[in-house]
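Chemist: One structure, as structure tokens, below. Some questions next.
Protein chains: 2
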Amino acid sequence: MKSSPLSTDESAREPKYSETATRILDAAEGLFVELGLEATSLRLITQQAGVNLAAVNYHFRSKDALFEAVFARRFAPWASECLHQLDVLEAQIARGEAHIDVEAVVMCYVRPALALSKDPLRGGAVFVRLFSRVLVENHRQVRESLSRDWGHLVSRYTAALGRALPGLSDEEVDWRLHLGFSVMFHAFAGNDILKLFGRSAVSARDPDLIVKHLVPFVVAGIRAAPGGRSAAT
Amino acid sequence: MKSSPLSTDESAREPKYSETATRILDAAEGLFVELGLEATSLRLITQQAGVNLAAVNYHFRSKDALFEAVFARRFAPWASECLHQLDVLEAQIARGEAHIDVEAVVMCYVRPALALSKDPLRGGAVFVRLFSRVLVENHRQVRESLSRDWGHLVSRYTAALGRALPGLSDEEVDWRLHLGFSVMFHAFAGNDILKLFGRSAVSARDPDLIVKHLVPFVVAGIRAAPGGRSAAT
DNA sequence: GTACGTTTAAAACAGATGTTTGAGGCGTGG
DNA sequence: CCACGCCTCAAACATCTGTTTTAAACGTAC
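Each protein sequence line maps, in turn, to chains H and R. FYI, the numbering for the first sequence is 1 to 233, going by this note's numbering. FYI, the numbering for the second sequence is 1001 to 1233, going by this note's numbering.
Dropping the structure here:
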């Protein structure tokens, strides 16, 4: 197979930006994820992109708008890929070709994330890290510009997972999805809590290895019996 | 009970700092977690603390040193509390009073985090969020000043969990600990991926509620059967 | 009272930041 | 040839940054 089934002709979707604008986006993406929004100066970006300083204010309106553009460029195709995975799964279920299963729903998230991590043309693992930055440092603009698409995606996953977990209340399903997504998300982003120490074997960033250890963990967690008793035991 | 069993007389451990220094630390802590290190100016800190600008460079050496102090003030007692929990558990096991159990190990992490989240005197949930920020935006200095203590803590948890999971390879144990800590950490920090959308019931920040849903998830995930097959299924 | 170390006050420092300006270059269509 | 939009360039803009400096107030011990 020469063309990945996950990609829908990347070269044709991205002529929105001129060459200099793309150079700026690429440089900014790497620097934003490495240093953060505030710590990355426009002069550093333009210097690394090999363009003039004023170019960023010409092509994008401001530094904040640039950040939003950097994020949106990667997010849109990824989100649509997630939706596509859910469509395929639900079509298979409707035709009786597949069972509604927790693991199947999880894989609808894992596969796009895995493909993203392996494809440098779409930002690779860098974008996932950028996404995680946006999450903890919550930038207003990005959150607002995302909330609609993201909300749609979440409700789709919630519905699918709810069908795979009959007998669980909506609140339980929300929590399972929240916790499951949280692990997967930060695992792909490489936010290893243990790696601060360094000797962890986890620091290996091989996406396939991540999936191998991640999926059983998440599936088992989502399938867990609800906790009845309170916290202070 | 008037004094929490988790706290060891907070009032006596913290006279290291003068009153103005403490005011600076408190203001800086809130602003750092809200805006980030780079986006928080010293003028904003001193203004909110009601002290003079030069005071921060007098009491602490520099802005970076201030950040380190802000972090260290909360981290040290929390880490020692985690170690204490492990000590207690292992002592119980040695005396045959408790089984070595995954949930018991998990609770050694959850209890201090829960106590921290509920105690505003020790930074409350703010510190956990600050911790999560330090994690994704990895500040060199903080990481270096932490790596020793943090490494010690991690190896203690690893050993305890490894004993609770006989038959699993060291690599597997590392992964389980990594994934389990990751969920717990970000759950307490309130880094809800779903909350970007807003309608999630998860956005309720009640620590006890977090624990109720979190612990079964994590325990089941850690106990999961290792995943044999590769990613691309 | 005087000298001393400690803490605070206001001002100034040099440098970096995001943004804007105005002039010029390049290519296309008249 | 000219003219027009698109784009790039170097320079300057005002503002904010962390840090330092200078002076003054405070409490304490001689």
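Even glycine gets a Cβ: it sits at the ideal position worked out from N, Cα and C.
(1) Within 8 Å (strictly less), CB to CB, does H:HIS99 reach chain R?
(2) Out of H:SER41, H:ARG73, H:GLN47, point me to the one whose CA is closest to H:LYS63's CA.
(3) Select from R:LEU1146, R:VAL1102, R:LYS1118 the residue whose C-alpha is nearest the C-alpha of R:LEU1161.
(4) Strictly below 7 Å CB to CB, what residues from chain H border R:VAL1106?
(5) Taking just the CA atoms, how far does R:TYR1058 sit from H:LEU146?
(6) Roughly how many whole angstroms lie between the Cα atoms of R:ARG1223 and H:VAL219?
(7) Which of the residues in the region 35–63 of chain H, read from start to end, lie with their CB under 7 Å from any CB of chain R?
(8) Are R:VAL1105 and R:ALA1049 touching if we call contact CB-CB under 8 Å?
(9) Which whole runs of the alpha helix (DSSP H) in the region 1051–1138 of chain R are 4 residues long or more, in chain order?
(10) When the distance is taken between beta carbons, is R:TRP1175 closer than 8 Å to H:HIS213?
(11) Name the chain H residues that come within less than 8 Å of R:ALA1220, Cβ to Cβ?
(12) Measuring alpha carbon to alpha carbon, tell me which residue in R:VAL1056, R:ALA1039, R:GLY1036 is nearest R:ALA1021.
(13) Hey, how far is the Cα of H:PHE32 from the Cα of R:ARG1111?
(14) Could you pull out every residue in the same chain whose Cβ sits closer than 6 Å to the Cβ of H:GLY123, ignoring the five residues on either side in sequence?
(15) Find the nearest neighbour of R:SER1155 within the set R:LEU1053, R:THR1046, R:LEU1083, judged by alpha-carbon distance.
(16) Excluding sequence positions up to five away, which residues of its chain have a Cβ less than 8 Å from the Cβ of H:LEU89?
(17) Assign H:SER230 to buried or exposed, taking buried as 16 or more other Cβ atoms, counted over all protein chains shown, within 10 Å of its Cβ.
(18) How many whole angstroms separate the CB atoms of H:GLY36 and R:GLU1137, which I take to be in contact at a CB cut-off of 8 Å?
(19) 8 Å is my cut-off, CB to CB: does R:ASP1026 come that close to chain H?
(20) Which residues in chain H sit within 8 Å of R:SER1182, going by Cβ to Cβ distance?
(21) To the nearest angstrom, report how far apart H:ALA91 and H:VAL126 are at their CA atoms.
(22) Taking 8 Å as the CB-CB cut-off, is H:HIS84 touching chain R?
(23) Would you say H:HIS186 and H:SER132 are within 8 Å of each other, going by their C-beta atoms?
(24) Can you list, in chain order, the residues of its chain whose CB lies under 7 Å from that of H:LEU153, leaving out five sequence neighbours each side?
(25) With C-beta atoms as the reference, is H:PRO216 less than 8 Å away from R:PRO1216?
(26) Can you find a heavy atom of the ligand ZN that lies under 7 Å from the Cβ of H:GLU97?
(27) Going along the chain, which residues of its own chain have a beta-carbon closer than 7 Å to the beta-carbon of R:GLN1085, five neighbours each way excluded?
(28) Can you name, in chain order, every residue of its own chain whose Cβ lies under 7 Å from the Cβ of H:GLY30, other than the five neighbours on each side?
(29) In chain R, what lies closer than 7 Å to H:TRP78 by C-beta?
(30) Under 6 Å Cβ to Cβ from R:ALA1027, same chain only, skipping five residues before and after it: list those, please.
(31) Just the C-alpha distance for R:HIS1139 and R:ARG1148, rounded to the nearest angstrom, thanks.
(32) Measuring alpha carbon to alpha carbon, tell me which residue in H:LEU114, H:ASP170, H:GLU19 is nearest H:ILE210.
(33) Which residues of chain H have a Cβ atom closer than 9 Å to the Cβ of R:GLU1137, listed in chain order?
(34) Over what stretch of residues does the alpha helix (DSSP H) that includes H:GLU34 continue unbroken?
(35) Would you give the residue range spanned by the alpha helix (DSSP H) that R:LYS1212 belongs to?
Modeler: Result, derived from the coordinates:
(1) no
(2) H:SER41
(3) That would be R:VAL1102, whose Cα lies nearest to the Cα of R:LEU1161.
(4) Simply none; closest approach about 12 Å.
(5) 43 Å
(6) 11 Å
(7) The region 35–63 of chain H vs chain R, Cβ under 7 Å: GLY36, GLU38, ALA39.
(8) No; because the gap between Cβ atoms is not below 8 Å, this pair is not in contact.
(9) 1053–1059, 1063–1094, 1102–1118, 1124–1136
(10) yes
(11) ALA220, GLY221, ARG223, ALA224, ALA225
(12) Each of R:VAL1056, R:ALA1039, R:GLY1036 was checked against the Cα of R:ALA1021, and the nearest Cα belongs to R:VAL1056.
(13) Inter-residue distance for H:PHE32 and R:ARG1111 is about 35 Å (C-alpha atoms, whole angstroms).
(14) ARG74
(15) Comparing Cα positions, the closest option is R:LEU1083.
(16) ALA98, ALA104, VAL105, CYS108, ALA160
(17) Any answer about H:SER230 is weak, because its pLDDT of 45 lies below 50 and its placement is not dependable; what the coordinates show is given next. When all chains shown are included, H:SER230 counts as exposed.
(18) 5 Å
(19) no
(20) SER182, VAL183, HIS186, ALA187, ASN191, ASP192, ILE193
(21) 32 Å
(22) no
(23) yes
(24) The residues are ALA79, CYS82, LEU83.
(25) no
(26) By its list of ligands, the structure shown contains no ligand whatsoever, and the ligand ZN lies outside what it can speak to.
(27) CYS1108, ARG1111, PRO1112
(28) VAL126
(29) None at all; the shortest Cβ gap to chain R is about 14 Å.
(30) Same-chain partners within the cutoff: ILE1045, GLN1048, ALA1049.
(31) R:HIS1139 and R:ARG1148: Cα-Cα distance of roughly 15 Å.
(32) H:LEU114
(33) Residues of chain H with a Cβ closer than 9 Å to the Cβ of R:GLU1137 are, in chain order, LEU35, GLY36, ALA39, ARG133, VAL136, GLU137.
(34) 19–35 is the span of the alpha helix (DSSP H), which, as asked, contains H:GLU34.
(35) 1207–1223
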